[in-house]
DNA sequence: CTGGTCACCTGGAAGC
DNA sequence: TGCTTCCAGGTGACCA
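Numbering (my numbering), first residue to last: 326 to 595.
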């Protein structure tokens, strides 16, 4: 499920319940995730107090005094708080136990990750080369214009390049380009300053809207079982091939870019 | 450096 | 009904 909004919603849901709590146990049932769960993770974490939870790109960073637990949800991961010892579902791979409650990682496809980073965490290879946060003030039209010079790849693929801007996945890349009225196949270097001035706010608005929608189902997202990640979220184009465009009543089309599906409205996006 | 392709893994839906 | 094929929200490795 997770693109940036889902990861941020998870972070906001966990923070008030877990900040200041001490890890009492770690249970690893399946260590084979994207990277192996470190064998010494329990030694690192048990007995330590969680100081806070941050997010960088789609990574969740659980801060402890002497290190950081990095979590990534991959394509299918979720983190939920459950009563300690709650019945297990298939693919419930790891429990981080905080006394009477446990943070449970569920991830059918196992593209997610749990790693221990020693300070300075931002120097870790997974974090060191990440681009700008799309919801930060650093993500400006001028910045995007400069970053796309010399890039012949399609703007949709550049939007999804985490060395440029982080957190924009396959759904929100299509949605953002629709909002901006830009053809996803446009070579990035050919985006004018004026088009960058449309695209940057479109990305921010798309992510903010998803955050607002997810926020309304936050309780379910974190606490209950198998809850939907989205609260009746309506997409403009994603997964709507052949259906009428919500703006012009033309027909939404799909194509493949770099082995990923792209959805767009040929009339609204040029 | 860039851009293109593939692999990792499981499960659900569609096709036959 | 059962088997096969395709597809899925991410991202790093590998190649030219």
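No residue lacks a Cβ here, since even glycine has one placed at the ideal position from N, Cα and C.
Find out if the Cβ-Cβ distance for the pair residue 373, residue 423 is shorter than 8 Å.
no
Going by DSSP in three states, residue 594 sits in which element: helix, strand or coil?
Coil.
If distances are taken between C-alpha atoms only, which option among 332, 454, 463, 437 comes closest to residue 356?
437
Determine the closest residue to residue 370 out of 358, 485, 388, with distance taken between C-alpha atoms.
Of the listed residues, the one whose Cα sits closest to residue 370 is 388.
Under 8 Å Cβ to Cβ from residue 593, same chain only, skipping five residues before and after it: list those, please.
503, 506, 570, 572, 573, 575
Which of the three DSSP states, helix, strand or coil, is assigned to residue 334?
helix
Across which residues does DSSP place residue 421 in a beta bridge pair?
351, 428
Looking at C-alpha atoms only, which residue of 469, 475, 531, 411 is the closest neighbour of residue 521?
469
Please work out which residues of its chain come closer than 6 Å, Cβ to Cβ, to residue 567, disregarding the five sequence neighbours upstream and downstream, and give them in chain order.
none
Which whole-angstrom value is the C-beta distance of residue 339 and residue 406, which I expect to be below 8 Å?
7 Å
When the Cα atoms are used, what is the spatial distance from residue 471 to residue 459?
15 Å
With 16 as the cutoff for other CB atoms within 10 Å, does residue 518 come out buried or exposed?
exposed
Going by C-alpha distance, which of 456, 461, 463, 500 is nearest residue 486?
Per the Cα distances, 456.
Apart from the five residues on each side of it in sequence, which residues of its chain come closer than 8 Å, Cβ to Cβ, to residue 411?
427, 429
Report, in whole angstroms, the separation of the C-beta atoms of residue 419 and residue 439, which I expect to be a contact under 8 Å.
So it is a contact: roughly 6 Å between Cβ atoms.
Judging by CA-CA distance, which residue of 361, 508, 380 is the nearest neighbour of residue 435?
361
Measuring CA to CA, which of 343, 380, 337, 421 is closest to residue 368?
421
My guess is that residue 383 and residue 329 are in contact by the Cβ rule of under 8 Å, so how many angstroms apart are they, rounded?
6 Å
When DSSP labels each residue in this structure, what does residue 491 get in the three-state scheme?
coil
Which value, in whole angstroms, describes the spacing of the CA atoms of residue 408 and residue 590?
46 Å
What are the boundary residues of the alpha helix (DSSP H) that includes residue 471?
That run of the alpha helix (DSSP H) goes 466-473.
If you count every other CB in all the chains shown that lies within 10 Å of the CB of residue 489, and 16 or more means buried, which is it?
buried
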